[in-house]
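Sequential numbering of the sequence shown, starting at 1, is according to the numbering used here.
Every residue, glycine too, gets a C-beta built ideally from N, C-alpha and C.
Reviewing the structure listed below.
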Amino acid sequence: MWQGDAQSQVVVDLDAIRANVATLRSHTTAQVMAVVKGDGYGHGMVAAARAALSGGATWLGVCTLEEAFGLRDAGLTAPVLSWLWLPGQPVGRAIERDVDLSVASLSQLAAVLAGAREAGRAARLHLKIDTGLSRGGATAQEWPQLVEAAAKAQADGYAEIVGVWSHFVYADAPGHETIDHQLAGFTDALGVALRLGVEPQLRHIANSAATLTRPDAHFDLVRPGIAVYGLSPVEDPAIRASLRPAMTARARVLLSKRLPAGQGISYGHTYVTERESTVALVPLGYADGVPRHASNSGPVLLNGARYTVAGRVCMDQFVVDAGDAPVAEGDEVILFGPGDRGEPTADDWADAVGTINYEIVTRFGSSRVPRVYRGDDA
1 MWQGDAQSQV VVDLDAIRAN VATLRSHTTA QVMAVVKGDG YGHGMVAAAR AALSGGATWL
61 GVCTLEEAFG LRDAGLTAPV LSWLWLPGQP VGRAIERDVD LSVASLSQLA AVLAGAREAG
121 RAARLHLKID TGLSRGGATA QEWPQLVEAA AKAQADGYAE IVGVWSHFVY ADAPGHETID
181 HQLAGFTDAL GVALRLGVEP QLRHIANSAA TLTRPDAHFD LVRPGIAVYG LSPVEDPAIR
241 ASLRPAMTAR ARVLLSKRLP AGQGISYGHT YVTERESTVA LVPLGYADGV PRHASNSGPV
301 LLNGARYTVA GRVCMDQFVV DAGDAPVAEG DEVILFGPGD RGEPTADDWA DAVGTINYEI
361 VTRFGSSRVP RVYRGDDA
């Protein structure tokens with residue numbers, strides 16, 4: 001069912017999110033942190049968080065402080081970890097609002113301690129060790145000094161070391177040698193922390209892929225992201241089948257017309273009709289989340305048949321060549337969904353444009369495309 005007079009919309013199945021989290025829980029004895037950064041990977045941060053919590057998640061993970069505040073503003077009281085923030089941002093406010101903070105450097109620790117003094121309460125810290133991703137996290141050389149300084153802050157009453165954590169390089173290839181190397185580095189970092197008198201409540205390194213394929217990496221908490229939304233980070237067909245994609249992106253045909261053979265379509269005429277054809281104008285473009293790289297490759301379902309984007313994707317629209325099939329204004333075009341009706345999936349789109357399913361769903365957060373929720377949590 002379409003909502004109102006919308007010409008395009010994203011439908012989010014909250015029951016699917018809840019069921020996916022329940023499936024992830026069944027793979028582990030650890031607590032589950034549902035990652036809802038990036039506006040819930042395009043699904044809507046608050047709605048996705050609520051569905052994930054009702055599915056059994058006990059933690060929520062975000063990047064920015066503003067994302068964490070958004071969860072608190074919505075009345076969500078579950079533990080929240082924010083891991084991408086800058087000294088000078090409202091760290092004191094985060095501490096006041098029970099937001100856990102990732103710390104990976106002495107300068108970040110100093111900012112947190114200043115915020116703790118401002119808030120008049122201890123900051124809850126998750127110390128991050130870089131085990132090989134070479135992105136966030138303290139290096140092995142920096143780690144002892146960071147742990148020692150955090151331990152002193154804890155002894156002084158300004159900090160509580162809740163967690164020690166890291167992030168995998170290549171867990172989506174379950175047998176890759178980097179996984180074992182990182183687990184060894186993580187174990188070493190935990191040993192250093194213990195020798196310095198720090199025994200965290202939570203040790204966590206597992207993302208979606210490791211949650212589903214590497215039980216030896218689960219420790220006390222797992223942090224699934226993309227799998228919460230029903231998309232698999234690994235190629236295993238059984239794992240894909242155990243998850244249900246929660247997002248469907250669709251639009252209504254805006255215009256239908258016949259074009260002669262040999263007619264170029266859209267900018268640059270990169271597509272030319274081979275014969276007289278009916279074409280459909282679809283009111284979604286790269287401003288709405290459709291990758292421009294989907295030009296001449298993106299798959300859609302129109303009136304029960306699969307077609308491919310004809311010509312270049314524009315900012316607001318693209319064209320489908322339906323041949324001699326009947327097409328009327330208002331007919332539904334499904335870009336991707338769970339695949340129940342033979343429609344393409346986000347994985348199909350990722351394959352078509354040479355990216356990952358994460359990027360496909362996360363793109364669809366445009367304010368021009370209404371988000372409609374289905375399920376008990378809607």
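Around the beta carbon of P344, 16 or more other beta carbons sit within 10 angstroms, so the residue counts as buried.
Taking C-beta separations shorter than 6 Å and ignoring five residues to either side along the sequence, the partners of A68 in its chain run V62, V80, S82 and V99, following chain order.
Boundaries for Y373: no alpha helix (DSSP H) harbours it, while the beta strand (DSSP E) harbouring it runs R371 to R374, taken from the DSSP string. Leaving aside the five residues that flank A350 on each side, the residues in its chain whose CB is nearer than 8 Å to its CB run, in chain order, I356, N357, E359 and I360. The three-state reading of DSSP puts Y267 in helix, counting H, G and I together. If you compare the alpha carbons of P90, D180 and I205 with that of L127, the shortest gap goes to I205. In the three-state scheme derived from DSSP, where H, G and I count as helix and E and B as strand, V169 is classed as coil. Here DSSP, grouped into helix, strand and coil, assigns H126 to strand. The criterion of a C-beta distance shorter than 8 Å is satisfied by Y307 and A322. Considering only Q263, G157, Q89 and V35, the residue with the shortest C-alpha distance to L221 is V35. Counting along the chain, the unbroken beta strand (DSSP E) around M33 starts and ends at Q31 to V35. Residue state for Q182 is assigned as helix, using DSSP reduced to three classes. Nearest to A48 by alpha-carbon distance, out of G70, D188 and T270, is G70.
Rounded to the nearest whole angstrom, the CA to CA distance from D156 to V112 is 14 Å. With fewer than 16 other beta carbons inside 10 angstroms of its own, H181 counts as exposed. Rounded to the nearest whole angstrom, the CA to CA distance from P224 to M45 is 15 Å. Assigned with DSSP and collapsed to three states, F69 falls in helix. In this structure, the straight-line span from the alpha carbon of A52 to that of Y41 is close to 13 Å. For E96, the enclosing alpha helix (DSSP H) stretches over residues V91 to E96.
Burial check for H269: the Cβ neighbour count within 10 Å stays below 16, so the residue is exposed. DSSP assignment within the stretch 302-373 yields the following whole alpha helix (DSSP H) runs of 4 residues or more, N-terminal first: 346-353 and 357-363. Under the three-pair Cβ rule at 8 Å, the stretch 224-241 does not count as touching the stretch 303-318. Between the alpha carbons of A305 and L24 lies a distance of about 34 Å. Residue state for V192 is assigned as helix, using DSSP reduced to three classes. Secondary structure of P237 (DSSP, three-state): helix.
With distances taken between CA atoms, G354 lies nearest to P291 out of P291, G339, G330 and G342.
C-alpha of E66 to C-alpha of L76: approximately 14 Å in a straight line. L281 and L255 do touch by the CB rule: their CB atoms are close to 4 Å apart, below 8 Å.
Leaving aside the five residues that flank P233 on each side, the residues in its chain whose CB is nearer than 7 Å to its CB run, in chain order, D172, S208, A209, I226 and A227. The Cβ atoms of T211 and T28 lie closer than 8 Å to each other. The criterion of a C-beta distance shorter than 8 Å is not satisfied by A123 and G136. With fewer than 16 neighbouring CB atoms inside 10 Å of its own CB, L86 falls in the exposed class.
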